[in-house]
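Engineer:
Numbering (the working numbering), first residue to last: 141 to 276.
(1) Rank 269, 211 and 176 by C-alpha distance to the C-alpha of residue 191 and give the top, closest one.
(2) Is it buried or exposed, residue 295, if we count other Cβ atoms within 10 angstroms and call 16 or more buried?
(3) Between residue 202 and residue 171, is the Cβ-Cβ spacing less than 8 Å?
(4) Could you spell out the range, first to last residue, of the alpha helix (DSSP H) harbouring residue 176?
(5) Buried or exposed: which applies to residue 167, given that a residue is buried once 16 or more other Cβ atoms fall within 10 Å of its Cβ?
(6) If you pair each beta-carbon of the segment 211-231 with each one of the segment 145-160, do three or more pairs fall below 8 Å?
(7) Confirm, please, whether the CB-CB distance from residue 148 to residue 206 is below 8 Å.
(8) Could you give the distance in angstroms between the alpha-carbon of residue 267 and the alpha-carbon of residue 244?
(9) Taking the alpha-carbon positions, what's the residue 265 to residue 187 distance?
(10) So, using beta-carbon positions, are residue 160 and residue 200 closer together than 8 Å?
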């Protein structure tokens, strides 16, 4: 039997990996084939062209969906309480059970999640604007 923390980490990691791999795949597929051909025509090798030409462009394309997925992933960590991992939601449940003040506990947890997500959103917006200035 797997203990709760590794099982929660495994579940969240597999869930996130599926979405993130699709985000990066679509970013790579969005780079025009002519970019690959131009890199090879300039004499770049098979491994140098993707890392110097294609992946930087794919990263910029995939940045918005990846950032959104990471913000969603942060909210999805609250599901770890279902496998008895003591995290923020579980602590609120336990405190609510001892004080019978569930509403206040979950309002505080909601405010904490909101604050963390606002910080992540601001960081994502800054990164997008920083990259758009750099490449325009």
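Note that CB positions come from ideal geometry on N, CA and C, so glycine has one too.
Structural biologist: Concretely, from the data shown:
(1) Residue 191 sits at position 51 when you count from the first residue of the chain shown. Measuring from the Cα of residue 191, the nearest candidate turns out to be 176.
(2) Since the first residue shown for the chain is 141 and the last is 276, residue 295 is missing from the structure and cannot be characterised.
(3) As a working note, residue 202 is residue 62 in the chain shown. As a working note, residue 171 is residue 31 in the chain shown. No, Cβ-Cβ distance for residue 202 and residue 171 is not below 8 Å.
(4) The sequence position of residue 176 within the chain shown is 36, counting from 1. Run containing residue 176: 173-181, per the alpha helix (DSSP H) assignment.
(5) Here residue 167 refers to the residue found at position 27 when the chain shown is read from its first residue. Looking at its Cβ environment, which holds 16 or more other Cβ atoms inside 10 Å, residue 167 is buried.
(6) The segment 211-231 vs the segment 145-160: in contact.
(7) Working through the chain shown from its first residue, we reach residue 206 at position 66. Working through the chain shown from its first residue, we reach residue 148 at position 8. No.
(8) Walking along the chain shown from the start, residue 267 turns up at place 127. Walking along the chain shown from the start, residue 244 turns up at place 104. Going by the C-alpha atoms only, they are around 35 Å apart.
(9) In the chain shown, counting from the first residue as 1, residue 265 sits at position 125. In the chain shown, counting from the first residue as 1, residue 187 sits at position 47. Rounded to the nearest angstrom, the two C-alpha atoms are 31 Å apart.
(10) As a first step, residue 160 is located in the chain shown; it is residue number 20 there, counting from the start. As a first step, residue 200 is located in the chain shown; it is residue number 60 there, counting from the start. For residue 160 and residue 200, no; Cβs fall outside 8 Å.
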